[in-house]
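As you go down the protein sequences, you meet chains A and B in turn. Take the first sequence: its position 289, counting from 1, is numbered 283 in my numbering, and each next residue is one higher. In my numbering, each residue carries its 1-based index in the second sequence increased by 6.
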Amino acid sequence: MTFDYHEPTSLREAIELGARFGVDGRFLAGGTDLMVQIHRGRLNPRHVVSLQCVPGLDAIEVDGAISLGARVTHRRIETTTDFQGALRALVEGAEVVGGHQVRNVATVGGNIVNASPAADVVVVLLALEARLTSLGPAGERTIALDGFGTAPGVTVLRPNELLTRASFPRLAPRTATAFLKAGRRRAMEISIACVAARLTLDAALERCQDVRIALGAVAPTAMRARSAERYLEGRPLTDEVTREAGRIAATECRPIGDVRASARYRALLVATLVPRVLARCLERIRFHTS
Amino acid sequence: MTQVTRIVGRSVPRMDAPGKVTGTALYAADFALPGMLYGRVLRSHEPHARLVRLDTSRAARLPGVRAVITAPDVPDVRYGGSVKDERVLARDRIRFAGQPLAAVAATSPDAAAAALAAIEVVCEPLVPVLDVAAALAPGAPLVHEAWASYTALPILHRDRNVCNRARIVVGDVERGFVEADRIFENRFTTSSVHQGYTEPRAAVAQWDSSGLVTVWSNTQLPFEIQTTLAEILQLPPSKVRIIVPGIGGGFGGKLRIGMEHFAALLAMRTGRPVKVMTTSEEELTAAYPRQPAIVEVKTGVTNDGRLTAREARLWFDTGAFAGSGPGVASVATLMLAGPYRIPNLLLEGFAVYTNKTNFGSFRAPSGPQANFAVESQMDIIADALGLDPLELRLKNIVREGEEGPTGQVLTAVGLEECLRRAADAIGWRDRRPRAGRGKGIACGWWTTTGGSSGVYVKINPDGTVALNTGAAEIGTAALTGAAQVLAEDLGVQLADINVVSADTLSTPYDFGAQGSRTAFAVGNACRAAVADLKRQILALASKHLGVEEHALALREGSVVGEGKRTTLGELARISQASGGGLIAHGTFVAPPTPYDAKRVEGHVYPAFHSPSFHAHAADLSVDAETGEITIHRYVVAQDVGFAVNPAAIEGQIEGGVAQGLGQALSEEIVYENGRVLNANLTDYKMPTTLDVPRVESILVQHPTLVGPFGAKGVGEPPNIEPPAAIANAVASATGVRITTLPITAEKVALALRARAT
């Protein structure tokens, strides 16, 4: 394991280095995934380009659309006041990743680019309909998060591109979010299934006006439960309805069985967690609007 | 029994605590010498194969590489404690994925890793024996074709892939089953779990010009390693010196030879000190984790809940080598009897070879596996008979003066008190407070391992005391306990005592940090040394003060009598000037526990010395949909004989329960086709602080006649009952009985679902 380490001090310089090294290079943000993969011999980059000294990648913007810079850490998300209300799912996703040391350095951008199907914050961002911004020699482009990952560890990002931020629209009124995960232990755990939802109720606070449900660790990539979403729209959110949504989501996910859990149990967890996440959203909307 | 004591019986801080909490304590993993090389071991990827060729030529030419050794470079020795079936490096046959094939030494860890990757291995895979069932099948391939020719303890009952069958026979089980109204037959299985010590196994070896090799290692048993390493190196034991600088946890995983032989052989080859330390992957694929087990228990009982007979068999997967297996299979039979009065018994423990790592000893070896089966079945019986599980136990437990399964007479039996106090504390009367919440109880017994201990105790010229012991402090505070005993008897303060330990050249013999014996045996050796020292001290003081010996007394570091007084320091100085100093050699060996030899076969551990008794109770909830378990409270009542250091014992109980809950709920080394699927700490799930509830400890004290101040061994027992206590609480909460470990949320959820449909 040897590589050349580069520490650019501007975005432009970082992009230049990225373009020069192409597939031989890797950007380093928090390093909690990259360094592990290098140590385990799964990745062997010749050049590692640290983003540590690149300014402008660690901003959280909440005016208008909400935007998270690629180097925003999980710990920052956990402690951001603006995320403690309707955007609570972001905090719930961030605070269950790894341990304190990992969350202090692990970044949103790294989490997205690593493209693990079990990445908790990515599942939340998917429910928030996030769009990603990347910068390359040819300039900026935006990419929908849905579809960004194509397989475990594989994305549509080009080798010479740098992910700079993820952004998503402001929440509509009468909207709440929630996130739940299941694992074998209560901390330091990789999800065996996780679910995030963004729910908007109608003016009467009875029916589902709009919903997004995202699932983690139950397909090759984080995925939207579109059939469940379609089923819910316009319906009153009774226990029966949310349970049915769970059943639908369980049929549209495509889990594998591995050392962490069987495919059958993962599907069962989706069926269970979807109604629970919706119930949390419902409770939150009613609490905040009453 | 009330004793007025100054230092024993008190929760004094551990002597090793300041160094450990401030980060200054030295561990073997920290140890380094100038000019030291880094060793690594090449391990097989195949679980079972014929080794055709190892080409090390490219590796040997890499920069920084100083030595590459393979089987022909090391003495052709087969070693092993009970069966000599293991070699340092595979010669022509590979018996598990993880078996050492070659070792390298290089100037940096990276260079050593590069050398491993450059060794070419050519082998022809053979059909692996993947588990106990495959090993016992008619016509199964033999893991050791030459098993019959191996040197082994003559007492063992060996047969092909079975490297021991230990048996206890009492009365007539068939008659006992005829007397029974109901017969219960159940089968249980458990998984392999790793000891999870924080510090990997590590050794640094250096040879000197006299041909003596010194190995600094984190072994629990320096004297056993000395013997084994001398055998491997074909040297007299005096040419092998083992020093334990410190140990970051052992729990039985550091009993047998670890990295010492690789370090010694590489250091011999290179003429430089060599350090070898394991990776997490090596720990989870090629260490000595707990044996997976299959347990079948058949128990006869009358309608009013009296146990009439038990026939039980436990098969341990011992892996590619016998190791601890034959002994642990023996201990298992005593655990299958449980702490119960059962007149008719046929109990068998098997250690079975497979193509896996050499599973070994882990805190109370065999205890959790056998107890999980036996104590789960007690609840199954109680439910079927409509009896309260606590009442069923109280009706059948052993009592003071009764016989254990092999005829030993039991004394200091605090079991009823343990059961009643644990049940009271958990709120047993309300044992199913609501759907999805329930309480479970389990009890057991365990040994205080025998073996001998020696200490030298010396009075320094300033009146402080040097305790020189061959035992190692493995983090249990056992040597603090022994020093408390010494300070108590000698009339000095604990702060006056300094400990020198675990150096086979300079410290007296000790059977080692195993089997809950250190505070017990070293403490008793200290008492013997003080008895001798007191004679020396009083004789010298009498001469010095001109007072008759019988009129003198030892008090707070001084000798006083007839209004005169001298200090221990002054007496030590006088002795140094005239008689070579005040020093005593104290020894202890646990007296043999009489048993009925006619009841046992193939048994290397026929009776429990100074047995301890314990009961655990858990209160938990189960999520009916996800199967997730939340433990609200966990209570342990443990008969410790006499609590030498209550806070340290509570620490042992809390740690043992945390480890036990890992085994109960989340930990397992998962094998597929002979290879470990989760050889990393991401997917091998030890519990975190959020997974372990506060553990409430109740110290029950029924003193033994043998232990210091009545103490019993305390370190291992807390690890025994958690799986059974959790299984029983889950059954109480849900009505679902999980018979395999670990009891994952997935198993519970799928069982609940299966019942619903």
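We treat Cβ as the ideally placed atom computed from N, Cα and C, and that holds for glycine. These numbers were taken from a predicted model, which means no experiment stands behind them.
Indicate the three-state DSSP secondary structure (helix, strand or coil) for residue i in the structure shown.
i                  : result
Cys188 of chain A  : strand
Lys549 of chain B  : helix
Gln240 of chain B  : coil
Val271 of chain A  : helix
Leu151 of chain A  : coil
Met7 of chain B    : Bear in mind that the predicted position of Met7 of chain B carries a pLDDT of just 47, short of 50, making it too unreliable to give a figure here.
Asp468 of chain B  : coil
Gln1 of chain B    : Here chain B has residues from 7 to 763 only, and residue 1 of chain B is not among them.
Ile387 of chain B  : helix
Arg6 of chain A    : helix
Phe356 of chain B  : strand
Asp629 of chain B  : coil
Glu191 of chain B  : strand
Tyr(-1) of chain A : strand
Ala172 of chain B  : strand
Leu393 of chain B  : coil
Arg319 of chain B  : strand
Thr291 of chain B  : helix
Ile231 of chain B  : helix
Arg70 of chain A   : helix
Ala762 of chain B  : helix
CA-CA distance, residue i and residue j?
i                 : j                 : result
Ala109 of chain A : Leu271 of chain B : 45 Å
Gly130 of chain A : Val701 of chain B : 56 Å
Pro206 of chain B : Ala191 of chain A : 43 Å
Tyr346 of chain B : Val176 of chain B : 13 Å
Met7 of chain B   : Tyr44 of chain B  : With a pLDDT of only 47 at Met7 of chain B, under 50, the local geometry of the prediction cannot be trusted, and no value is derived from it.
Thr204 of chain B : Glu673 of chain B : 16 Å
Val85 of chain A  : Leu756 of chain B : 31 Å
Pro251 of chain B : Thr455 of chain B : 24 Å
Gly442 of chain B : Ile137 of chain A : 46 Å
Cys188 of chain A : Arg125 of chain A : 21 Å
Phe190 of chain B : Val307 of chain B : 8 Å
Asp602 of chain B : Gly413 of chain B : 5 Å
Gly143 of chain A : Val150 of chain A : 7 Å
Tyr640 of chain B : Pro699 of chain B : 7 Å
Asp466 of chain B : Gly592 of chain B : At residue 466 of chain B the sequence reads Asn, which differs from the Asp that was named. Taking the straight line joining both Cα atoms gives about 17 Å.
Gln665 of chain B : Gly256 of chain B : 13 Å
Arg36 of chain A  : Asp76 of chain A  : 38 Å
Ala649 of chain B : Asp502 of chain B : 22 Å
Pro349 of chain B : Ala315 of chain B : 6 Å
Arg20 of chain A  : Arg179 of chain A : 32 Å
Leu696 of chain B : Ala735 of chain B : 19 Å
Would you verify that the beta carbon of residue i is, or is not, closer than 7 Å to some beta carbon of chain C?
i                 : result
Glu397 of chain B : Absent here is chain C; the protein component of the structure consists of chains A and B.
Q | Sequence ranges, beta strand (DSSP E) only - wholly within the segment 557 to 627 of chain B, length at least 3 | A | Listed in chain order, the complete beta strand (DSSP E) runs (minimum 3 residues) inside the segment 557 to 627 of chain B are 559 to 561, 564 to 567, 570 to 573, 589 to 595.
Q.
Give the list of continuous alpha helix (DSSP H) stretches no shorter than 4 residues that lie fully inside the segment 102 to 140 of chain B.
A. Qualifying alpha helix (DSSP H) stretches, in chain order: 115 to 123.
**Q.** Within 7 Å of chain A by C-beta, residues of the segment 304 to 327 of chain B in sequence order
**A.** Answer set for the segment 304 to 327 of chain B: empty.
(Q) Quick check: the segment 35 to 53 of chain A against the segment 3 to 15 of chain A, are at least 3 beta-carbon pairs closer than 8 Å? (A) When C-beta atoms of the segment 3 to 15 of chain A are compared with those of the segment 35 to 53 of chain A, three or more pairs fall below 8 Å, so the two segments count as touching.
Q. For the segment 670 to 700 of chain B, which residues have a CB atom closer than 7 Å to at least one CB atom of chain A, in sequence order?
A. Ser672, Val676, Leu683, Asn684, Thr688, Asp689, Lys691, Pro693, Thr694, Leu696, Asp697: these are the residues of the segment 670 to 700 of chain B whose beta carbon lies less than 7 Å from some beta carbon of chain A, given in chain order.
Q. Pairing CB atoms from the segment 615 to 626 of chain B with CB atoms from the segment 409 to 429 of chain B, are three or more of them under 8 Å?
A. Touching, yes.
Q: Scan the segment 652 to 695 of chain B and note each continuous alpha helix (DSSP H) run of 4 residues or more that stays entirely inside, going in chain order.
A: Entirely contained in the segment 652 to 695 of chain B, the alpha helix (DSSP H) runs reaching 4 residues are, in chain order, 652 to 671.
Q: Could you tell me whether the segment 224 to 233 of chain B touches the segment 338 to 358 of chain B, using the rule of 3 or more Cβ pairs below 8 Å?
A: Look at the beta carbons and you see the segment 224 to 233 of chain B not touching the segment 338 to 358 of chain B: under three pairs across the two are nearer than 8 Å.
Q. If you measure beta-carbon to beta-carbon, which residues of the segment 282 to 293 of chain B are closer than 8 Å to chain A?
A. Near chain A, meaning a CB-to-CB distance below 8 Å, no residue of the segment 282 to 293 of chain B qualifies.
Q. Touching or not, the segment 746 to 763 of chain B and the segment 628 to 638 of chain B, by the rule of three or more beta carbon pairs under 8 Å?
A. Touching, yes, given that three or more Cβ pairs across the two stretches are closer than 8 Å.
Q) Quick check: the segment 181 to 188 of chain B against the segment 475 to 495 of chain B, are there 3 or more CB pairs under 8 Å? A) No, the segment 181 to 188 of chain B does not touch the segment 475 to 495 of chain B.
Q: May I ask you to verify whether the segment 353 to 368 of chain B touches the segment 319 to 331 of chain B, counting CB pairs closer than 8 Å and requiring at least 3?
A: With contact defined as three or more Cβ pairs closer than 8 Å, the segment 353 to 368 of chain B and the segment 319 to 331 of chain B are in contact.
Q: Could you please tell me which residues of the segment 607 to 636 of chain B, in chain order, have their CB closer than 8 Å to any CB of chain A?
A: Only those residues of the segment 607 to 636 of chain B whose C-beta falls short of 8 Å from the nearest C-beta of chain A are listed: Glu631, Thr632, Glu634.
Q | Against chain A: residues of the segment 738 to 758 of chain B by CB proximity under 8 Å | A | Contact residues of the segment 738 to 758 of chain B toward chain A are Thr750, Ala751, Glu752, Ala755, Leu756 (C-beta to C-beta distance below 8 Å).
Q: Quick one: which unbroken beta strand (DSSP E) runs of 3-plus residues sit fully inside the segment 441 to 506 of chain B? Chain order, please.
A: Within the segment 441 to 506 of chain B, the complete beta strand (DSSP E) segments of 3 residues or longer fall at 443 to 452, 458 to 465, 471 to 475, listed in chain order.
Q: Check whether the segment 604 to 619 of chain B touches the segment 330 to 337 of chain B, taking contact to mean three or more Cβ pairs, one atom from each stretch, closer than 8 Å.
A: Judged by Cβ distances under 8 Å, the segment 604 to 619 of chain B makes contact with the segment 330 to 337 of chain B, as three or more pairs qualify.
Q. Can you list the alpha helix (DSSP H) stretches of 4 or more residues lying completely in the segment 3 to 52 of chain A, in chain order?
A. Entirely contained in the segment 3 to 52 of chain A, the alpha helix (DSSP H) runs reaching 4 residues are, in chain order, 5 to 15, 28 to 33.
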